[in-house]
Amino acid sequence: MIEKSFSFLFYLKSSRNSKGTKNCIYARITVDCQRTEISTRIILKTEKWNSAIGRVVGKSEKVRQINSFLDSFQMKILEARKYLLDRDKEITAKSIKNVLLGITDDRKLILEIFQKHNEQMEALVGKEFAPGTLERYKTSYDHTKAFIKWKYNAEDIELKKLDYDFISQYSFWLKTVRGCAHNTTVKYLGNFKKIVLSCVKSGWLLRDPFQGFVMTKREVAREVLSKEELVSISEKDFTIERLDQVRDIFVFSCYTGLAYIDVKNLKRTQIIIGIDNEKWIETKRQKTEAPIRIPILPVALRIIEKYKDHPKCIHEDALLPVPSNQKMNAYLKEIADLCGVRKELTFHIARHTFATTITLSNGVPIETVSKLLGHRSLKQTQHYAKILDGKISEDMLALKSKLDK
């Protein structure tokens with residue numbers, strides 16, 4: 001496209017009823033000697049305007065706010081021109097004004113784009129994405145749809161309406177109306193941000209509405225079982241079969257680090273002979289599809305042996321007879337009461353317990369623990385793992401011993 005002359009400026013235009021004392025600030029856009037005007041809707045007294053620099057003079061807070069707004073308006077004019085350049089569209093004063101006013105040929109809708117993203121992701125499940133990832137984006141889509149209905153009473157809205165205020169109100173809505181915790185809110189906003197950034201990269205959005213919006217997760221104290229609590233649960237004699245079975249599956253997870261769904265999905269064929277000629281578990285995490293290989297500790301081996309002839313294991317080729325997650329967590333609360341464990345016992349505590357009480361507290365390097373948990377970075381493991389006071393004390397005693405020599 002042939003380069004065209006381009007300029008713009010801010011100037012005062014007399015208001016019809018002001019009698020010359022007050023004027024409205026306008027932006028004049030000129031392309032190849034053809035010009036157009038657009039109102040900023042700011043009314044100003046004539047004596048406060050500096051026409052040489054196109055800004056308000058003075059040091060008050062109001063003056064600062066007006067000049068800041070004009071700086072932002074100037075940036076939008078430049079972005080509108082770039083928007084047309086990136087699409088190889090004709091650049092005229094009128095076309096730039098139209099972009100500023102949101103009048104464009106390519107009308108894009110937020111939920112329509114989000115839905116298309118999820119459909120493409122679904123086609124790649126098992127290749128590039130895990131099923132759990134797709135489910136999170138579907139849930140995020142549902143939240144976004146409900147928020148738009150709540151705020152705009154509309155089935156969808158145009159992409160151009162996305163701004164910082166939209167993001168801020170969406171965050172507030174997730175925490176209040178939806179009742180999401182802070183970190184859960186950050187996760188859903190993170191999913192939505194990916195969609196938004198793809199729109200920015202495609203040139204459908206002039207700027208990132210998330211710019212300046214802080215999305216930081218808060219550190220959450222991970223609940224784990226101490227060695228004594230784990231022994232109390234492991235050695236408890238249950239006369240009720242369902243509690244005995246749930247206890248065994250929970251303890252199995254404490255000694256393997258596997259999440260509920262990964263234990264439920266385990267097949268007998270996934271027990272292999274490892275490099276040390278001992279039995280290992282070879283599987284993939286459903287959440288991330290990361291491959292994991294875990295040497296089976298004696299406690300876990302005894303549990304596998306105990307259930308090898310269970311009807312469910314035989315008929316379904318399952319390694320263990322795992323009930324639903326809902327039943328597991330309900331029965332674990334009973335188990336906690338019977339064992340005198342005062343923590344809110346859920347299945348996921350088993351994974352935390354493996355990371356701390358079983359491995360890190362017994363000197364297993366964090367790099368090894370990270371591999372066993374199927375994490376892709378040590379940062380994930382550090383977030384999961386909670387170094388117990390006993391381990392810190394043990395390490396410091398060892399250090400003192402070395403220093404005394």
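Counting from 1, one number per residue, gives the positions in the sequence shown under the UniProt record's numbering. We put the CB at the ideal spot given by N, CA and C, even for glycine.
Could you say if the segment 334-349 and the segment 219-235 meet the contact criterion of at least three C-beta pairs nearer than 8 Å?
-> The count of Cβ pairs closer than 8 Å, one atom from the segment 334-349 and one from the segment 219-235, reaches three, so the stretches are in contact.
Straight-line CA distance for residue 454 to residue 379?
-> This structure does not reach residue 454, given that the chain is present from 1 up to 405, and the question cannot be answered.
Just to confirm, are residue 46 and residue 67 a CB contact at a threshold of 8 Å?
-> The residue given as residue 46 occupies position 46 in the sequence shown. The residue given as residue 67 occupies position 67 in the sequence shown. No. Outside cutoff.
When the Cα of residue 292 is compared with those of 361, 371, 335, 252, which residue comes out closest?
-> In the sequence shown, residue 292 corresponds to position 292, counting from 1. Here the closest residue by C-alpha is 371.
Under the three-state reduction of DSSP, which class applies to residue 34: helix, strand or coil?
-> The residue you call residue 34 lines up with position 34 of the sequence shown. It is a strand residue.
What are the start and end residues of each continuous alpha helix (DSSP H) run of 4 or more residues lying completely inside the segment 258-313, in chain order?
-> Runs found: 260-264, 298-306.
Would you give the residue range spanned by the alpha helix (DSSP H) that residue 137 belongs to?
-> Residue 137 sits at position 137 when you count from the first residue of the sequence shown. It spans 131-152 - the alpha helix (DSSP H) in which residue 137 sits, taken as one unbroken run.
Taking one C-beta from the segment 132-146 and one from the segment 185-203 each time, how about it: are there three or more such pairs within less than 8 Å?
-> Yes: at least three Cβ pairs fall under 8 Å.
Out of 171, 233, 327, 279, state which residue places its alpha-carbon closest to the alpha-carbon of residue 216.
-> Working through the sequence shown from its first residue, we reach residue 216 at position 216. Residue 171 is the option with its Cα nearest to residue 216.
Give the range of the alpha helix (DSSP H) segment to which residue 372 is assigned.
-> Numbered from 1 along the sequence shown, position 372 holds the residue referred to as residue 372. Following the DSSP letters along the chain, one finds residue 372 inside the alpha helix (DSSP H) bounded by residues 366-373.
Bridge partners - residue 318, DSSP secondary structure assignment | Within the sequence shown, the letter at position 318 stands for residue 318. Answer is 267.
Member of 48, 52, 276 whose CA lies at the smallest distance from the CA of residue 59 = Working through the sequence shown from its first residue, we reach residue 59 at position 59. Checking every option, the nearest Cα to that of residue 59 belongs to 48.
Nearest to residue 227 (by Cα), restricted to the options 41, 361, 176 = Walking along the sequence shown from the start, residue 227 turns up at place 227. The candidate whose alpha carbon is nearest that of residue 227 is 361.
Among 76, 72, 249, 78, the one whose alpha carbon lies nearest that of residue 262 = Position 262 of the sequence shown, counting from 1, holds the residue named residue 262. Relative to residue 262, the option among 76, 72, 249, 78 whose CA is nearest is 249.
Quick one: what does DSSP say residue 491 is sitting in, helix, strand or coil?
-> This structure cannot settle anything about residue 491, because the visible part of the chain is limited to 1 through 405.
Through-space distance from residue 273 to residue 168, alpha-carbon basis | Walking along the sequence shown from the start, residue 168 turns up at place 168. Walking along the sequence shown from the start, residue 273 turns up at place 273. Approximately 53 Å between the Cα atoms of the pair.
What are the complete beta strand (DSSP E) segments, minimum 3 residues, inside the segment 18-104?
-> If you keep only unbroken beta strand (DSSP E) runs of at least 3 residues inside the segment 18-104, you get 22-31, 34-45.
Can you tell me where the alpha helix (DSSP H) with residue 250 in it begins and where it stops?
-> The residue you call residue 250 lines up with position 250 of the sequence shown. 241-254 is the span of the alpha helix (DSSP H), which, as asked, contains residue 250.
Can you check DSSP and say which residues form a bridge with residue 8?
-> What you label residue 8 is simply residue 8 of the sequence shown in a count that begins at 1. DSSP lists 29 as the bridge partner or partners of residue 8.
Between the beta-carbon of residue 80 and the beta-carbon of residue 35, is there less than 8 Å?
-> As a first step, residue 80 must be located in the sequence shown, where it is residue number 80. As a first step, residue 35 must be located in the sequence shown, where it is residue number 35. Cβ distance not < 8 Å, so residue 80 and residue 35 don't count as in contact.
Could you have a look at residue 226 and say whether DSSP puts it in helix, strand or coil?
-> Here residue 226 corresponds to residue number 226 of the sequence shown, with the count starting at 1. Correct three-state label for residue 226: coil.
In the DSSP assignment, find the unbroken alpha helix (DSSP H) run with residue 167 in it and report its ends.
-> Taking the first residue of the sequence shown as position 1, residue 167 is located at position 167. Its alpha helix (DSSP H) spans residues 164-176.
Pick from 333, 113, 376, 218: whose alpha carbon is nearest that of residue 242?
-> Residue numbering aside, residue 242 sits at position 242 when the sequence shown is read from its first letter. Among 333, 113, 376, 218, the Cα nearest to that of residue 242 is on 333.
On the DSSP bridge assignment, give the partners of residue 397 in chain order.
-> Your numbering for residue 397 matches position 397 in the sequence shown. Note: residue 397 sits in no beta bridge, so no partner.
Taking the C-alpha atoms as reference points, what is the distance between residue 183 and residue 259?
-> As a working mapping, residue 183 is identified with position 183 in the sequence shown. As a working mapping, residue 259 is identified with position 259 in the sequence shown. Counting only the Cα atoms, residue 259 lies some 20 Å from residue 183.
Nearest residue (CA-CA) to residue 12, options 282, 26, 338 = The residue you call residue 12 lines up with position 12 of the sequence shown. Residue nearest to residue 12 within the set 282, 26, 338 is 26 (criterion: CA-CA distance).
Please work out which residues of its chain come closer than 6 Å, Cβ to Cβ, to residue 29, disregarding the five sequence neighbours upstream and downstream, and give them in chain order.
-> As a working note, residue 29 is residue 29 in the sequence shown. If we look at residue 29 and ignore the five residues flanking it on each side, its Cβ neighbours are 8, 36, 93, 96.
To the nearest angstrom, report how far apart residue 152 and residue 356 are at their CA atoms.
-> As a first step, residue 152 is located in the sequence shown; it is residue number 152 there, counting from the start. As a first step, residue 356 is located in the sequence shown; it is residue number 356 there, counting from the start. Looking at the two C-alpha atoms, the distance is approximately 48 Å.
Would residue 282 pass as a contact of residue 270 if the rule is Cβ separation under 8 Å?
-> Within the sequence shown, numbered from 1, the residue matching residue 282 stands at position 282. Within the sequence shown, numbered from 1, the residue matching residue 270 stands at position 270. In this structure, residue 282 lies near residue 270, with their beta-carbon atoms less than 8 Å apart.
Taking the alpha-carbon positions, what's the residue 113 to residue 76 distance?
-> What you label residue 113 is simply residue 113 of the sequence shown in a count that begins at 1. What you label residue 76 is simply residue 76 of the sequence shown in a count that begins at 1. Going by the C-alpha atoms only, they are around 24 Å apart.
Check whether the Cβ atoms of residue 369 and residue 359 sit closer than 8 Å, and answer yes or no.
-> Within the sequence shown, residue 369 is the residue found at index 369, counting from 1. Within the sequence shown, residue 359 is the residue found at index 359, counting from 1. The answer is yes: Cβ separation under 8 Å.
Relative to the C-alpha of residue 70, which residue among 56, 315, 82 is closest?
-> Position 70 of the sequence shown, counted from the first residue, corresponds to residue 70. Nearest to residue 70 by C-alpha distance, out of 56, 315, 82, is 56.
Cβ-Cβ distance between residue 257 and residue 351 below 8 Å | Taking the first residue of the sequence shown as position 1, residue 257 is located at position 257. Taking the first residue of the sequence shown as position 1, residue 351 is located at position 351. Residue 351 sits close to residue 257, with the two beta carbons spaced by under 8 Å.
Outcome for residue 328 when other beta-carbon atoms lying within 10 angstroms are tallied against a minimum of 16 | As a position in the sequence shown, residue 328 is number 328, starting the count at 1. Residue 328 sits buried, since 16 or more C-beta atoms from the chains shown fall within 10 Å of its C-beta.
Buried or exposed: residue 101, going by 16 or more other Cβ atoms within 10 Å of its Cβ?
-> Translated into the one-based positions of the sequence shown, residue 101 becomes position 101. Per the 10 Å Cβ criterion, exposed.
Under a three-way DSSP split, which group does residue 127 fall into?
-> Within the sequence shown, residue 127 is the residue found at index 127, counting from 1. The answer is coil: DSSP assigns residue 127 none of H, G, I, E or B.
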